[in-house]
Amino acid sequence: MNVKLIVWRQKNASTPGSMKEYEAKNIPKEASFLEMLDIVNEQLIEKNEEPIAFEHDCREGICGSCGMMINGKAHGGFRTATCQIHMRQFQDGDTIWVEPFRARAFPIIRDLVVDRAPLDKIIQAGGFVAAPTGCAPDANAIPIPKDIAEYAMD
Numbered sequence: 001m002n003v004k005l006i007v008w009r010q011k012n013a014s015t016p017g018s019m020k021e022y023e024a025k026n027i028p029k030e031a032s033f034l035e036m037l038d039i040v041n042e043q044l045i046e047k048n049e050e051p052i053a054f055e056h057d058c059r060e061g062i063c064g065s066c067g068m069m070i071n072g073k074a075h076g077g078f079r080t081a082t083c084q085i086h087m088r089q090f091q092d093g094d095t096i097w098v099e100p101f102r103a104r105a106f107p108i109i110r111d112l113v114v115d116r117a118p119l120d121k122i123i124q125a126g127g128f129v130a131a132p133t134g135c136a137p138d139a140n141a142i143p144i145p146k147d148i149a150e151y152a153m154d
């Protein structure tokens, strides 16, 4: 699959940034969004261009360090972490806008990387952030009438 990426590029916190256009070519539909950025970075390095800086840690949808704005919405509007978004959720030929989170509390360090120190302080102090992701409820938590449950066991 081929997509056009329009990515926020910013050399450091003190220089102004701008949107740059890239062609992501031959991306497997099974690739995650971060794997697609890895492929684009490999293509940029082959051309002696600076790779796109983005943050990631676990790539398992747990830590949240991969957060970014995709097509103007946090995590692209998908109810999951950016690392759990796959390219099959986009169409061949799509234009995808990628930007860092923009909040006063999280200043941009470089490209898509933001300073998460305030959030890290909260987490280290024992706080946590919970966000409903729209997962299916636990099977045992769904009340089922006794007669239906017994019928299911027959």
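Counting in the working numbering, the sequence shown runs from 1 upward without gaps.
By construction, the Cβ of each residue, glycine as well, lies at the ideal position given by its N, Cα and C atoms.
Nothing here was measured: the structure is a model prediction, and the numbers come from that model.
Under the DSSP assignment, K4 falls in the beta strand (DSSP E) whose first and last residues are V3 to R9. Put simply, the backbone Cα of F54 is about 16 Å away from that of A117.
Contact between S32 and C63 is ruled out by a C-beta separation of about 14 Å, above the 8 Å threshold. With a cutoff of 7 Å on beta-carbon distance, A13 and I85 are scored as not near each other. Judged by DSSP in its simplified three-state form, R110 adopts strand. Boundaries of the alpha helix (DSSP H) harbouring A152: K146 to M153, taken from the DSSP string. Following the DSSP letters along the chain, one finds M36 inside the alpha helix (DSSP H) bounded by residues F33 to E46. The Cβ atoms of I6 and E23 lie no closer than 7 Å to each other.
A Cβ-Cβ distance of about 4 Å is found for the pair W8 and E99, placing them in contact under the 8 Å criterion.
Between I27 and I45 the beta-carbon gap is near 16 Å, outside 8 Å, which marks them as no contact.
In the DSSP assignment, H56 is bridged to no other residue.
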